[in-house]
Every structure is written in C-alpha cells, then in structure tokens.
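Numbering (this note's numbering), first residue to last: 1287 to 1403.
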C-alpha cells in the first residue's frame, strides 16, 4: 500500500540524488499518475500497481553507496563459489569476504579478477 506522502517522499529523494533522470519516460508517467491518484483518491492498494511502484521507489531511493555494496556482494558471492583454489593458500580470504568493509572495497573496484575487456 502506498500513500501520497510516501510516494512524494520517494519522488523528492529521487530528484535530489539524480535517480529521477535515470527513469524511462514510461516509468516517470506511471509514477506521476500514481502520485496524482494517491492525492485524489487516497492510498494505492492494487497488488499489481503496488508491485510496479515498489520497484520504482527502490530505484528512486537507491544511493551510490548501495550500488557499490551490491556490486561488492555480487563479486564476493562469485569468489566464494569459484574460488576454492584460493582458499587453499589463503584461508583467511573466506573471512574477508564476510567483512562488510571488504565487500564495499570489492564493489568500489578494489579487486580486479578476470580478463580485461
């Protein structure tokens, strides 16, 4: 369920952090229509619409730090699944991959693995 206040708060946050500009025209139109509807009619309760709006709200609220952390988490999962040979000669590396600061460092481009493209 989305209220007008919640949608407006996410909209303003997206404007401040620049994520509003990254949305497509269709996504912006849906969000504007939802803002208008929630102001005129009240809370939005339709499950399909709430699902689509929750994706948009997540896009609007996403910060650069969260993006870096998500990239680091993906790299850590990849290293945990493929890096069994690494853990033989560096057993403490498994513990590093569970450290949030190290995961953030990975996401910021700290460890480059793979072929250069």
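Ideal placement from N, C-alpha and C gives every residue a C-beta, glycine not left out. Note that the coordinates shown come from a computational prediction; the quantities given were computed from them, not determined experimentally.
> Are there three or more Cβ pairs, one per stretch, closer than 8 Å when the stretch 1340-1350 is compared with the stretch 1299-1318?
Replying inline: yes
> When the distance is taken between beta carbons, is residue 1315 closer than 8 Å to residue 1288?
Replying inline: Numbered from 1 along the chain shown, position 2 holds the residue referred to as residue 1288. Numbered from 1 along the chain shown, position 29 holds the residue referred to as residue 1315. Not a contact, by the Cβ cut-off of 8 Å.
> Residue range of the alpha helix (DSSP H) that residue 1361 falls in?
Replying inline: Counted from its first residue, the chain shown places residue 1361 at position 75. First-last of the alpha helix (DSSP H) with residue 1361: 1350-1368.
> Are residue 1390 and residue 1354 close, meaning C-beta to C-beta below 8 Å?
Replying inline: As a working mapping, residue 1390 is identified with position 104 in the chain shown. As a working mapping, residue 1354 is identified with position 68 in the chain shown. Taking 8 Å as the Cβ cut-off, residue 1390 and residue 1354 qualify as a contacting pair.
>> Suppose the cutoff is 6 Å on Cβ atoms and the five residues either side in sequence are ignored; what does the same chain contact list for residue 1361 look like?
In response: Taking the chain shown and counting its residues from 1, one reaches residue 1361 at position 75. Counting only Cβ-Cβ distances below 6 Å, and skipping sequence neighbours, we find 1392.
>> Looking only at its chain, what residues have a beta carbon closer than 8 Å to the beta carbon of residue 1382, apart from the 5 residues adjacent to it on each side?
In response: Locating residue 1382 in the chain shown gives position 96, where the first residue counts as 1. So the list reads 1388, once near-sequence residues are dropped.
>> Could you tell me the alpha carbon to alpha carbon distance between residue 1291 and residue 1325, rounded to whole angstroms?
In response: Start at 1 with the first residue of the chain shown, and residue 1291 comes out as number 5. Start at 1 with the first residue of the chain shown, and residue 1325 comes out as number 39. Going from the Cα of residue 1291 to the Cα of residue 1325 covers about 9 Å.
> To which residues does DSSP link residue 1330 through a beta bridge?
Replying inline: Within the chain shown, residue 1330 is the residue found at index 44, counting from 1. For residue 1330, which the question treats as bridged, DSSP gives the partners 1288.
> Going straight from the alpha carbon of residue 1330 to that of residue 1385, what length do you get?
Replying inline: Within the chain shown, the letter at position 44 stands for residue 1330. Within the chain shown, the letter at position 99 stands for residue 1385. Rounded to whole angstroms, residue 1330 to residue 1385 spans 39 Å at the Cα level.
> From residue 1369 to residue 1395, what distance separates their C-alpha atoms?
Replying inline: By 1-based counting over the chain shown, the position of residue 1369 is 83. By 1-based counting over the chain shown, the position of residue 1395 is 109. C-alpha separation (whole angstroms): 18 Å.
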